[in-house]
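Structure first, commentary second.
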Amino acid sequence: MADIQDYNSTPKYETFSYLPAMTPEKMRRQIAYLVSQGWNPGIEHVEPERASKYYWYMWKLPMFGEQSVDAVITELEACHRAHPNHHVRLVGYDNYSQSQGSSFVVFRGR
């Protein structure tokens, strides 16, 4: 049993949590992809200790029909300023399949 190592229990949220942190340019490209698919951006936030056990709080309403990457980034930053200790994630809602097309954490809380 000496060969068995403890599992690193750092919480992972969404797909991109398993990758290195995104640069601002990569994040901008992900947001551009989300918008180009016709998905409606929605912003959610939650305290880090509640992230995996509870629903996340919605920041305003989803940005229905938003085509501007800069407008999405502005709202993400506003949410982060209002809740600096919360995780903030971006969700792309797909009208046709009535589901989330994409979802990833943009800012991590402390």
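For what it's worth, this note's numbering labels the leading residue of the sequence shown as 201, then goes sequentially.
C-beta atoms are modelled at their ideal positions from N, C-alpha and C, and glycine is treated no differently.
Just so it is clear, the structure is predicted and the values come from calculations on it, not from any experiment.
- Separation of residue 259 and residue 266 (C-alpha to C-alpha, rounded to the nearest whole angstrom) is 15 Å.
- With contacts defined by Cβ atoms closer than 8 Å, residue 287 and residue 213 form a contacting pair.
- Taking C-beta atoms under 8 Å as the contact rule, residue 305 and residue 289 qualify, at a distance of about 5 Å.
- DSSP places residue 252 outside any alpha helix (DSSP H), giving it a letter other than H or E.
- If you check the CB distance, residue 291 and residue 242 come in under 8 Å.
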